[in-house]
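Shown next, in structure tokens, is the structure this report addresses.
Chains as they are written, first to last, in the numbering used here: chain A, 29 to 404; chain B, 1460 to 2536.
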């Protein structure tokens, strides 16, 4: 069945519908990972976004029950050049096509994904709509016009957990070397946490407790955390006000030495900490979405190839607190990729050390969290 | 940290002649390295014996030694040039081996030279099987379980560890025979016993069976700060068991989940660290079990490789160039990505297309060779194709191969499928089971006769994902055949899937132009996309394009004056690096003339497909459709066909029909040279002789001609390169067979039959002209007599035995032909000299295989000048108006792939069989010839036994050779017939019995390595089995064999030089200074 993808600037592509035969809208972004489409589909950070895969051949190895980053498919829509007609993997439990249909996700194939990518690169991420039920461009345009922008939208509440729970699963298949779990308790403030973060934490720490993003600090402290992690999540960090408030409170207590714990942030969590430290968020033109971004550790000069997925950044110069230093930079565009506080045990990274999908280069960051707790 | 400042001179090792498994890719990597290091201000010294390379052009190094690549020569070069460091990782296995050997002998230590890129202990860890296993175990990387055993008892002891089924490989057997797969204990014991018996050193390797496992490769780079990146992942279409050089391969890997890929990636990173490659690139191969994902490491090359050239072309990431910079101390983040400019090289390319590499075999040259593909590589070249889908890239790749297929053509016609379905199915099944050069076509036919993906997967173990894509192509093909009319939608879809116009035309039974017309009318237009390393995430500045049928075209034609150069396509015997060399020179020359250069080629090994070589690169098949599409987009002022060998020339007529301006010698004049009738008239006009001849269109006509000429005759088809189907025929029986064969290869169904001039001297002349001035580039005298293909003959420049009178005749004949053909550009003429008479054999108005060799010998870049001439310059303006005759001898020797095709006779003939060439230079003929022999791995002896056995015709002329050998102290072994003649000439010798008549025979001598040289000329067209066994056993034991008297005579001079003293080394820059101009 025919389908259309229309961008808010009028650019459109015609293709074939797959997945749910319906209509969907969201901010359109492209992801340059050649592997890991299932992880991308289930990454809560993609809430509100239609993802275009730059690699043209998608679905080759099907889907399974393990390569998921959350309990459901989170993207609003999916755009590929060619979906596979066959599933070839000993790990597969089903096809991509069925998976999308079962999860009611609208997808389009047979389109020039490179042309779309170039468009987004040139003019920036923008709203888009995919429809298999209404092929009238004027109608689609109207629908796009009334759709709200991603800026300021609270998407976190739609993907974060509602309750407190213990996470018990380690890396399993993803393990490439043994680490000894430190006997600490980590509380994860769930803004839409990727399961790979939890798996990595469980691999490195004895106890991992997940709490909703709006859990008050007082409740968190009842869990006696040795470390607190602000997770990744979708959308604009400014919209996650309860978590920002928690972070501010936490920082205040740490500064006053009322508390002995270390704090870490990943991606949206990094931005939340940045805002709590007085920084300002800025939206990137088309974001970073892929698994090949080089990030340099400014202290050691070492370069890691990292997994990335963010549209917003916190420019380090926007943080007035001089005890916050930049620790990592992106060698592609020199944006900040990490920060730490020199007086309190707090650090965060913009990239995804948990991978899922992407390289395992930066997994050691979780070990650093353990050392940071030791030093706290 | 910036580059090292403690060094100023770097020695780079090249890879020597083109052989199977080492081709143009090392010219590509070496050229990049030379360029990169010179740019950094280092002095570069180069050692490479292969003159047909861009890297050995005098301007790419400060001192270029075209000398044999041996530890001795390496030491001489070091002593003379005193480099501080030596870079051995860019010249293939040859460079790595010679560096390792020299290190073992202490050459580097003694001369204070540091190995950079990979130190000797790193090479040892990667190359020594046992050491490698140990290091991988320590690094926690799984390997296939294997053990080497020396007895049946020992073998029984390791059975539990390795498990069944297992693969048993006896070491050192003829043709790698005697091994096998054991599925039960009975078979196991049987194969072990047989293997131990067959192995010359009673050694057998027992290895866990990886049959049916999937094979992957990762290209890895590391810098001195331990930053590691993966440049490209490659998945082999053919599962384990087929050498990766013989596999169809696909980039990126298609069937790995992210977790599996990342684990492979981590293993690769651990491996490069554990082996200790400090800087540069490595190729690491893995196998995975499709049942449970178990992954093992297979091997690692601590150097750039064929796969890294492929990965560079597939991603746009120039591995060799970056490896060179890392070797002198840069780190990845300090090196910019040329393509995006703003981002650094410390990243992992991501691609938004699919790349397919398909090997090119030349089994037709070796009809007796076993066509089964194994772990020993047999292909001589490859093509790469880029498409947005695997289906598109695969179909583009197949038509790029130039094997007479425009797509996945069926191997039998449709009627045949229906009539003999059962018989055909058996044939398909058989060819699916054992990997072979045509398996991809049998897969397509398997689908055509109703097999499904599951069935074919069960037989071939090829991943179902690949098979399913082929099934879709065949399914669509059926849809097309059933469609009454080719409507816009169908045609558009067909083009998106990669169907060529030619293939569609044959499916629908209409003309190819018709398809083109519909395409034009319906506005189904090709689009071009960029290869940009980053899937469009950043802007790309390098115009490196591939075609596809998409909605957006990224080609940006300029309004500058543009010339398009067509490359030669895949390497094959007869058309290889020499033509790429010429294309690259043309590109350089035209750039100098401020003309925009557009290169079109599909061979990933080459320098021509480096995006740095020309202004724009279109990585496309060299077919009329693909070329015309580019012409339509770019509208070049002209197109150059005469540098890429026969491939582009074959398109001349079609391009001219579409009014494309072909630069250089006019097509009409090319036709005169190619068309035998017209050519005959031309020779008459010039009052030149040619062997008597006739033109036949069938066997009857051929017989009539032969009646007139008398045997022997030379039979050849028109419009072919490399002597395809060319034969010397001595009798009627063979005549019939060869006429049939020649008709198959002739483009216009005509065959030329020449009177064959026995024992004539052959001479090659290469000449350049601008329509007004004509200058001879070089006159080359062949060492071997006429009748042996000029690509296989050794040659000497200037001539070493011809009289001044004969040379003058050759010279004036050449000029007369050039003037009459009004040559603009290059021309090659072949002469035969018999009894002081000069006969014209052939005229080729194009760049020839000898152009690079001559250019190196005379110090004049002929191809470059020719390109400038074609762009409108005169030779006077270019300052080349006089033939250069160097005051030293340059010898070109050919290198053959016989060690890959054991059992195939090494005899030479009119059909070309060599894969590459080397050059030896010295003032003394003997020394120059000696160097060429050493460089070609023909290790002539100083003393010992020499076996001489020649055919009757040669018995008198071999006497002088035997006499000299005797005088130099060699002991002569011979057979009864040859022995009788030698004894009559009072040469002492030992007569050996025939193979079937007694022991010890010559095979015993060979196996005991008690014979150092074999001179054995073939008895006739179809040699006796004994001879073939002798020659191929000698090849196995690497004992030099000479199969012609002329070759023996030249070798005597070389042996004399060898006994007299050592060879010296000299750079070509120094040689060129001795030329009087």
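For every residue, glycine included, the Cβ atom is placed at its ideal position computed from N, Cα and C. Everything numeric in this text was worked out from a predicted model, so none of it was measured.
In this chain, the beta strand (DSSP E) harbouring residue 2301 of chain B covers 2296-2303. Taking the CA atoms as reference points, residue 2010 of chain B sits about 6 Å from residue 140 of chain A. Annotation for residue 1827 of chain B: 2362 and 2363 place their beta carbon closer than 7 Å to its own, counting only its chain and skipping 5 residues before and after.
Boundaries of the beta strand (DSSP E) around residue 1628 of chain B: 1625-1629. The CB of residue 175 of chain A never comes closer than 9 Å to any CB in chain B; the least such distance is about 25 Å. Think of a sphere of 8 Å around the beta carbon of residue 1813 of chain B: the chain A residues whose beta carbon falls inside it are 84 and 85, in chain order. Residue burial annotation: residue 2530 of chain B is buried, with at least 16 other C-beta atoms found within 10 angstroms of its C-beta. If you look at residue 2125 of chain B, you'll find it isn't in any beta strand (DSSP E); DSSP assigns it neither H nor E. Look at the beta carbons and you see the stretch 1998-2008 of chain B touching the stretch 1977-1988 of chain B: at least three pairs across the two are nearer than 8 Å. Judged by pairs of C-beta atoms under 8 Å, the stretch 285-299 of chain A touches the stretch 387-400 of chain A, as three or more such pairs exist. In the same chain as residue 1973 of chain B, and ignoring 5 residues on each side of it, the C-beta atoms closer than 8 Å to its own belong to 1964, in chain order. Listed as beta-bridge partners of residue 135 of chain A by DSSP are A:46 and A:106. The bridge partners DSSP lists for residue 80 of chain A are A:58 and A:107. The alpha-carbon of residue 1571 of chain B is positioned some 16 Å away from that of residue 1547 of chain B. Within the same chain, and ignoring the five residues on either side of residue 1685 of chain B in sequence, the residues whose Cβ sits closer than 8 Å to its Cβ are 1732. Neighbours of residue 1600 of chain B in chain A, taken as residues at a C-beta separation under 8 Å, are lacking, since the least C-beta distance is about 10 Å. Look at residue 234 of chain A here: in three-state DSSP terms it is strand.
Short of 7 Å from the beta carbon of residue 1665 of chain B, and not among the five residues preceding or following it, lie these beta carbons of its own chain, in chain order: 1605, 1606, 1608, 1614, 1617, 1621, 1625 and 1627. When the beta-carbon positions are compared, residue 2407 of chain B and residue 2498 of chain B stay at least 8 Å from each other. Under the rule that a run must span 4 or more residues, the alpha helix (DSSP H) segments found entirely inside the stretch 2184-2240 of chain B read 2191-2204. With respect to the C-alpha of residue 2093 of chain B, the residue from B:2149, B:2023, B:2107 and B:2071 having the closest C-alpha is B:2023. In terms of Cβ geometry, residue 217 of chain A and residue 239 of chain A form a close pair [threshold 8 Å]. Take residue 2131 of chain B, set aside five residues on each side of it, and the residues of its chain with a beta-carbon closer than 7 Å to its own are 2137, 2138, 2141 and 2280, in chain order. Residue 195 of chain A is outside the set of residues whose beta carbon lies under 8 Å from a beta carbon in chain B.
The DSSP-derived three-state label of residue 121 of chain A is coil. Under the DSSP definition of a beta bridge, residue 377 of chain A partners with A:294 and A:366. Beta bridge pairing from DSSP links residue 2175 of chain B with B:2211.
Contact note: residue 1988 of chain B reaches chain A through 142, using a C-beta cutoff of 8 Å and chain order. For the pair residue 1770 of chain B and residue 1678 of chain B, the Cα-to-Cα distance works out to about 7 Å.
Membership of residue 1681 of chain B in the beta strand (DSSP E) is indicated by the continuous run 1673-1681.
When C-beta atoms of the stretch 2316-2324 of chain B are compared with those of the stretch 2224-2239 of chain B, three or more pairs fall below 8 Å, so the two segments count as touching. Taken through DSSP and simplified to helix, strand or coil, residue 1641 of chain B comes out as strand. Closer than 7 Å at the C-beta level to chain A, one finds these residues of the stretch 1922-1937 of chain B: 1922, 1923, 1924, 1927 and 1931. For residue 1760 of chain B, the secondary structure class from DSSP, reduced to helix, strand or coil, is strand.
Three or more Cβ pairs closer than 8 Å define a contact, and the stretch 1835-1848 of chain B meets that threshold against the stretch 1704-1711 of chain B.
When C-beta atoms of the stretch 2115-2122 of chain B are compared with those of the stretch 2086-2105 of chain B, three or more pairs fall below 8 Å, so the two segments count as touching.
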